[in-house]
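This report concerns only the one structure given below.
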Amino acid sequence: MVGLSEGEKHFIRGGIAQDIRTDGRRRLQFRALSVETGVIPQANGSARVRLGGTEVIASVKAELGKPSILHPDKGKVNIFVDCSPTAEPMFEGRGSEELSAELSVSLQRCLLGGKSGAGAAIDLSSLIVVDGKVCWDLYIDGLVISSDGNLLDALAAAIKVALSDTGIPKVNVSLSAASDDEPEVDVSDEEFLQFDTSSVPVIITLTKVGRQYIVDATSEEESQMSSAVSVSVNRHGNICGLTKRGGAGLDPSVIFDMISVAKHVSQQFISLLDSEIAAAQADDE
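Following the numbering used here, the numbering of the sequence shown begins with 25 at its first residue and continues without gaps.
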């Protein structure tokens, strides 16, 4: 990103302190949001999300696999993010690799809970076909096409939309008399089960600039942050995950306040996203 002059930095920080951001928004106001579904025909589900100048794509591919020995009653989800070198000059070389890894880990933490799947926002038990033998493995890929801040929230929104577009093929299972035998499965090419996204959260990142914090920060605003807290919240107001970046420490009372604000703002963002999903699905029909 192009460096800012001292005057520009002061203008950004001063505006946020006065609740007037450089693009005219208030501190807790999002940029314009647009959604497309079905953008990758060969995927089980896909979506493109634009949030201001940030544009991302998420795709979901479902494959039959075998549950892990430690969690025989759960399927598996893998999330990987790639940052296109054309999205931002800093994405060329190792900058892209490091940011991709950071975003992937943050999305895993916010959407999938711990390694056991406990607290997962995506219900891993819904991906089981036969306990201990057959499950669905979901491979979720995110691609950053254009970057102007708030990548994590945009990617999480794209994943939620892509999952709402995802059809899991219906599977008929034939179990043999011997419990040790591998079951025979017949995957339908015509019947699909819609993926349940009711518990899939959005991520709200609160970026602290000076003494204030803002949502949906642009790249210029992020350059002035001391720290940022990302909270994943579902439509029931439940916290599904939390991650922090930035070197500055935060008082626990500030973190609790940020979580409270994120919970409140998340419901507004979920309603906005739901409206965009409904409009996108109507266009596809």
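Built from N, CA and C at the ideal position, the CB exists for glycine as well.
Around the beta carbon of residue 48, fewer than 16 other beta carbons lie within 10 angstroms, which makes this residue exposed.
Around the beta-carbon of residue 68, 16 or more other beta-carbon atoms lie within 10 Å, marking it buried. Distance between residue 126 and residue 198, taken at the CA atoms: about 42 angstroms. Going by DSSP, residue 72 is part of the beta strand (DSSP E) stretching over 69-75. Taking a contact as a CB-CB distance under 8 angstroms, the pair residue 55 and residue 275 does not count as one, their CB atoms being some 29 angstroms apart. Listed in chain order, the non-local C-beta contacts of residue 128 below 7 angstroms within the same chain comprise 103, 104, 105, local neighbours out to five positions each way being set aside. Residue burial is scored here from C-beta neighbours: residue 151 has at least 16 other C-beta atoms within 10 angstroms and is therefore classed as buried. Under DSSP, residue 161 takes part in a beta bridge, and its partners are 87, 100.
With the rule of 3 Cβ pairs closer than 8 angstroms, the region 218-225 does not count as touching the region 236-253. Taken atom to atom, the span from the alpha-carbon of residue 42 to that of residue 233 is near 12 angstroms. Taking a C-beta distance under 8 angstroms as the contact criterion, residue 226 and residue 167 do not qualify as a contact pair. Under DSSP, residue 106 forms a beta bridge with 167.
If you draw a straight line from the Cα of residue 98 to the Cα of residue 171, it comes to about 35 angstroms. Closest by C-alpha distance to residue 77, out of 169, 34, 210, 66, is 169. Each residue's CA atom was taken as its position, placing residue 257 and residue 135 some 10 angstroms apart.
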